[in-house]
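Number of protein chains: 2
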Amino acid sequence: MELNSLLNHPSEWLKGTGPHSDIVISSRIRLARNLAKFPFPHWASKKQGEEALAAIEEAVRKTDILKNTAIFHLADLDTVDKQLLVERHLMSIEHAQKTNHKAVIFDEAEVIAIMVNEEDHLRIQVIQSGFNLLEAWGIINKIDDGLSKELPIAFSSEWGYLTACPTNTGTGMRGSVMLHLPALVMIRQIDKVLAAIAKLNFTARGLYGEGTQASGNFFQISNQVSLGHNEDEVINSINSIIRQIIEQESQARSIMLARSKEMLEDRINRSLGILKSAHIISSQETIELLSMVRLGCDLGMIKDINISRVNELFIITQPAHLQKLENKKLSTQERDIKRAELVRQKLSL
Amino acid sequence: MELNSLLNHPSEWLKGTGPHSDIVISSRIRLARNLAKFPFPHWASKKQGEEALAAIEEAVRKTDILKNTAIFHLADLDTVDKQLLVERHLMSIEHAQKTNHKAVIFDEAEVIAIMVNEEDHLRIQVIQSGFNLLEAWGIINKIDDGLSKELPIAFSSEWGYLTACPTNTGTGMRGSVMLHLPALVMIRQIDKVLAAIAKLNFTARGLYGEGTQASGNFFQISNQVSLGHNEDEVINSINSIIRQIIEQESQARSIMLARSKEMLEDRINRSLGILKSAHIISSQETIELLSMVRLGCDLGMIKDINISRVNELFIITQPAHLQKLENKKLSTQERDIKRAELVRQKLSL
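Structure (structure tokens):
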């Protein structure tokens, strides 16, 4: 697989299907795993890092469920390539910052993505469209089993899976659900919801995970700790809290429709109107307007635009995607013009 | 002619033709005339007011060039009717405020409009599309001649035509040209231009004349005094200053196109996009967005919308027009919804 082939189609998880896809973009499970007898990546020597990467590559090639994945060494990628992978949620911002013995492994549908030598030797993620943690769990479990057969994984009968950061020790699992909560934001109930989540030891982050701000009314809700609970317990507790938030967002949407339907219609249609006509547009404004268009699709106020197209636009209007599509470096201003052109074209199809 | 028939077609002067119609909306001449032997309207008794009105009505019916006009007594009109006439520039805001012995007389094309018992007994106006004061002068001259044959007009061989306010004494004439100057506003040169106009004893007013603010980048430039100059001199001096402003606006447009074409394309297309999609819109926002659309039509950036349609929208999106179209009183919020609907409909034709 060529890296550029990513540009030919949106990631599978953006298709806008799956349970509760009007509110839930995607469900993601990641496992942190480390090789026994190797120091954690941050403490490993160059040689140890290289050996760990080589061992993992070999294991991946032998693992049946990973046979359609491609392996990219970060040392072989330029800045825009790396940013492209971040924008597609195939690796973290941190992973892109240093390239030593690092790799990223993923399949063409972008359901599976594995970072090698990030904070842990292995960070395995599986993303599914909609509210579907169990499906993601089923897939990642098979990957975990497959790799465990080939690699000596660091595990303590007392602590569970050992990880570089103690907050991940135990199951090494994090479940995250990406939610679109425009109505809770509009009726100013979102802070209450986020405060309740924090008390229950869940975190809410922005589109790009840890350290990123919520924008476009997207919130990624994850479990904070995994130690002391098994995987089923963790998934059940996330599912339970997500179901409550879905219910709250649904209610907020009903309230908005009952109280201020015209205002909502105005805001949604203006957002689409601006996206269809702007000739210069920033990434931030694009995300915010697309957020309103997405809500319009979900509420049936916009009928002729497919939700998967809107989901795709959130991703492909980002800087690295625009530069890849143009096949050259673009200044901020050039990107703002190119972005507007791409949005107009995609929304007028 | 029924008052409601005004709603069937835009005023002739909005057709967007005539010289320099990319920058000049319309050219207007008005004459202030008073009946000899009658006190000026503000000092007249009820009986005198009634008599003046009756004399004028009779004269109008006998004057050939006015044979297709209709006479409306303000006492017979409701608030919305009167506001409608103001919005169409057929009478002043002041004229609408009191109804005693007042009338307004106009033809179906709305080229000619005569206010009876406003500040003076007669305020005659002729409006033409584009930069065309001479044409307007030719028509108004015939009206003046015709009425003078039927009515004893107050005239002093020393002072010229006598008027209620001394600033109008002399020719009693005011020439006004309505200009659309978005580029001078955008390159921040408009204040300089307006200051220069003021020094030359011209005034710049908003869309609705005296006391109204400039909005939508529209400026109505008029001569300040008429005493001591004959009509040709007044018209020549207005024409000369307007030619200079047209040249300055043209240059400003060229500068904008050379320096910031993308910004301009963005602003113009966004304005059209919002007008085509909004579901709630205020009068002020409508005027400002239409101003950009008008510029877009003039610059060839918008090709599928006729300038006369844009000109018409400036008028028919106003409160009285909306209420007349709906045939009922509308609250501000109801008007904002109806306005958005009308704009969407007219721009998607």
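So the sequences go chain by chain: A and B.
Per my numbering, residue 1 is the first one in the first sequence, and the count goes up by one each step.
Per my numbering, residue 1001 is the first one in the second sequence, and the count goes up by one each step.
Note that the Cβ used here is the ideal one computed from N, Cα and C, for glycine as well.
When secondary structure is reduced to three states using DSSP, M256(A) falls in the helix class. With contacts defined as CB atoms closer than 7 Å, L31(A) and I153(A) fail to qualify as a contacting pair. Residue contact check for D304(A) against chain B: no CB pair falls below 7 Å. The beta-carbon of N269(A) is placed less than 7 Å from the nearest beta-carbon of chain B. At least one CB of chain B lies nearer than 7 Å to the CB of D266(A).
Burial state of Q248(A) is buried, judged by a 10 Å Cβ sphere holding 16 or more other Cβ atoms.
By the rule that beta-carbons nearer than 7 Å mark a contact, S1092(B) does not touch chain A. Residue ranges of uninterrupted alpha helix (DSSP H) with 4 or more members, entirely inside the stretch 1089-1166 of chain B and ordered along the chain, are 1093-1097 and 1133-1150. Using a C-beta cut-off of 8 Å, the stretch 1282-1296 of chain B makes no contact with the stretch 1233-1240 of chain B, since fewer than three inter-stretch Cβ pairs fall below that distance. The closest CA to that of W1159(B), considering only A1055(B), R1294(B) and G1170(B), is found on G1170(B). I71(A) has I105(A) as its beta-bridge partners, per DSSP. With contacts defined by Cβ atoms closer than 7 Å, N1217(B) and S1291(B) form a contacting pair. Distance between Q318(A) and K1199(B), taken at the CA atoms: about 53 Å. At a Cβ-Cβ threshold of 7 Å, A252(A) and L295(A) do not count as neighbours. The stretch 304-318 of chain A and the stretch 3-15 of chain A touch, with no fewer than 3 CB-CB distances between them shorter than 8 Å.
The Cβ atoms of M1115(B) and H1095(B) lie closer than 7 Å to each other. A Cβ-Cβ contact shorter than 7 Å links F131(A) with V24(A). With 16 or more other Cβ atoms inside 10 Å of its own Cβ, K82(A) counts as buried. For the stretch 1169-1185 of chain B, the beta-carbon criterion of a distance under 9 Å to any beta-carbon of chain A is satisfied by none of its residues.
Around the CB of W1137(B), 16 or more other CB atoms lie within 10 Å, so the residue is classed as buried. One Cα belongs to L147(A), the other to R174(A), and the distance between them is close to 18 Å. Within chain B, the residues G1273 and S1277 have their CB atoms less than 9 Å from the CB of L272(A), given in chain order. Of all alpha-carbon atoms in I1143(B), S1129(B), L1151(B) and E1135(B), the one lying nearest the alpha-carbon of L1179(B) is that of S1129(B). For the options S1215(B), Q1189(B), T1167(B) and I1187(B), the alpha carbon positioned closest to that of N1201(B) is the one of T1167(B). Distance check between L181(A) and each of L134(A), I245(A), V126(A) and V225(A) places I245(A) closest, using alpha-carbon atoms only. By the CB criterion at 7 Å, R1243(B) and Q1220(B) fall outside the cutoff. At a cut-off of 7 Å between beta-carbon atoms, E262(A) makes contact with chain B. Against chain A, the CB of I1280(B) has a partner CB under 7 Å away; the residue lies at that interface. When secondary structure is reduced to three states using DSSP, Q1189(B) falls in the coil class, being assigned neither helix nor strand. For I1337(B), the residues of chain A that pass the 8 Å Cβ criterion are E262, in the order they occur in the chain.
Cβ-Cβ separation between E1051(B) and I1071(B): approximately 16 Å, too far for a contact (criterion under 8 Å). Going by beta carbons, S1277(B) and G273(A) fall inside the 7 Å limit. With respect to the C-alpha of E1002(B), the residue from I1190(B), K1324(B) and R1344(B) having the closest C-alpha is K1324(B).
If you ignore the 5 residues before and after V1225(B), its C-beta comes within less than 7 Å of the C-beta of T1167 and N1201, all in its own chain and listed in chain order. For F38(A), there is no enclosing alpha helix (DSSP H), as DSSP marks it with neither H nor E. Going by DSSP, V80(A) is part of the alpha helix (DSSP H) stretching over T79 to E87.
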